[in-house]
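Chains A and B supply the protein sequences, listed in that same order.
Every letter in the first sequence is one number past the one before it in the numbering used here, and letter 18, counting from 1, is 18.
Every letter in the second sequence is one number past the one before it in the numbering used here, and letter 49, counting from 1, is 49.
Following: one structure in structure tokens, then a few remarks.
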Amino acid sequence: AQKITQTQPGMFVQEKEAVTLDCTYDTSDQSYGLFWYKQPSSGEMIFLIYQGSYDEQNATEGRYSLNFQKARKSANLVISASQLGDSAMYFCAMRGLNAGKSTFGDGTTLTVKP
Amino acid sequence: GAGVSQSPSNKVTEKGKDVELRCDPISGHTALYWYRQRLGQGLEFLIYFQGNSAPDKSGLPSDRFSAERTGESVSTLTIQRTQQEDSAVYLCASSLVVSQPDTQYFGPGTRLTVL
Chain A
1 AQKITQTQPG
11 MFVQEKEAVT
21 LDCTYDTSDQ
31 SYGLFWYKQP
41 SSGEMIFLIY
51 QGSYDEQNAT
61 EGRYSLNFQK
71 ARKSANLVIS
81 ASQLGDSAMY
91 FCAMRGLNAG
101 KSTFGDGTTL
111 TVKP
Chain B
1 GAGVSQSPSN
11 KVTEKGKDVE
21 LRCDPISGHT
31 ALYWYRQRLG
41 QGLEFLIYFQ
51 GNSAPDKSGL
61 PSDRFSAERT
71 GESVSTLTIQ
81 RTQQEDSAVY
91 LCASSLVVSQ
101 PDTQYFGPGT
111 RLTVL
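Take a look at the structure:
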């Protein structure tokens with residue numbers, strides 16, 4: 001069984017500052033992928049970043065980076081230089097290798113203050 | 001190209017009625033997924049299809065829920081004898097293949113309200 005835990009129901013950050021959204025996971029799979037999605041108030045799910053369990057380097061996509069600590073089973077999302085448009089719900093998710101089922105956390109609501 | 005589309009965008013129904021939700025995946029995507037998202041919560045996996053393989057139905061909450069997919073095209077999620085607890089947004093996603101890295105592209109969802 002897989003489990004994703006996001007312990008921060010809500011987070012606030014000042015515009016232009018960096019913020020870290022926490023995600024820990026539990027799985028018995030040897031190979032897996034970790035994902036972060038953004039869900040604005042419009043409801044669409046937007047893929048942000050992916051980290052494979054065997055990737056040695058942390059993934060980066062523009063202002064998004066994933067702080068992957070395999071031994072601690074954590075996959076925190078770091079957003080640099082926050083923008084007002086970053087205000088949204090953020091979900092951490094995982095899937096096993098070649099598995100269709102994804103497990104999602106309960107999400108973190110990020111509010112960027114001007 | 002076109003993204004994942006879902007219809008209807010909103011559905012209001014009475015308890016006990018059957019509903020059908022439709023998903024059109026991105027052309028060429030072999031994998032298709034259904035999720036349920038209750039208000040303020042994360043996504044619950046329902047079912048996934050991969051090409052002609054048997055679907056993974058492990059997330060369907062009861063036998064009132066079923067889904068079909070014809071080949072690599074449209075999928076329909078059917079909920080029979082709807083209950084108020086079925087009220088949620090139902091999200092469909094598709095991906096090119098089921099392998100890593102694999103990005104799921106989500107549709108806009110169908111908001112189901114059971115009165």
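Note that the Cβ used here is the ideal one computed from N, Cα and C, for glycine as well.
Being a predicted model, the structure only gives us computed values, none of them experimental.
Residue closest to residue i, alpha-carbon to alpha-carbon, out of the options
i: L77(A); options: L48(A), E56(A) and K101(A); result: L48(A)
i: E44(A); options: E72(B), Y105(B) and T113(B); result: Y105(B)
i: T5(A); options: T24(A), K70(A) and K101(A); result: T24(A)
i: D22(A); options: G107(A), R63(A) and V112(A); result: G107(A)
i: R72(A); options: A18(A), T27(A) and K101(A); result: T27(A)
i: F49(B); options: G28(B), L115(B) and W34(B); result: W34(B)
i: A88(B); options: V12(B), D24(B), A54(B) and S62(B); result: V12(B)
i: T103(B); options: S62(B), A31(B) and E85(B); result: A31(B)
i: R111(B); options: E85(B), S94(B), L96(B) and A54(B); result: E85(B)
Terminal residues of the beta strand (DSSP E) in which residue i lies
i: S102(A); result: S102 to F104
i: S65(A); result: Y64 to Q69
i: I79(A); result: S74 to I79
i: A88(A); result: A88 to G96
i: A67(B); result: F65 to R69
i: K57(B); result: No beta strand (DSSP E) holds K57(B); DSSP gives it neither H nor E.
i: V12(B); result: N10 to T13
i: S5(B); result: S5 to S7
Contact list for residue i against chain A, beta-carbon separation under 7 Å
i: Q41(B); result: D106
Three-state class that DSSP yields for residue i in the structure shown
i: Q37(B); result: strand
i: E56(A); result: coil
i: G85(A); result: helix
i: D86(B); result: helix
Interface partners of residue i on chain B, CB under 9 Å
i: G43(A); result: Q37, V89, L91, P108, G109 and R111
Contacts that residue i makes with chain A (C-beta to C-beta distance below 8 Å)
i: A31(B); result: G100
- prompt: Going along the chain, which residues of the region 48–72 of chain B sit with their C-beta nearer than 9 Å to a C-beta in chain A?
  reply: Using a CB distance below 9 Å, the part of the region 48–72 of chain B facing chain A consists of Y48, F49, Q50, P55, D56, S58 and G59, ordered along the chain.
- request: Mind checking the region 82–94 of chain B against chain A and listing, in chain order, the residues whose C-beta falls within less than 9 Å of any C-beta there?
  value: Listed by position, the residues of the region 82–94 of chain B near chain A (Cβ gap below 9 Å) are V89, L91 and A93.
query: Which residues, in chain order, does the region 68–93 of chain A contribute to contact with chain B at a C-beta distance below 8 Å?
result: Residues passing the 8 Å Cβ filter: F91 and A93.
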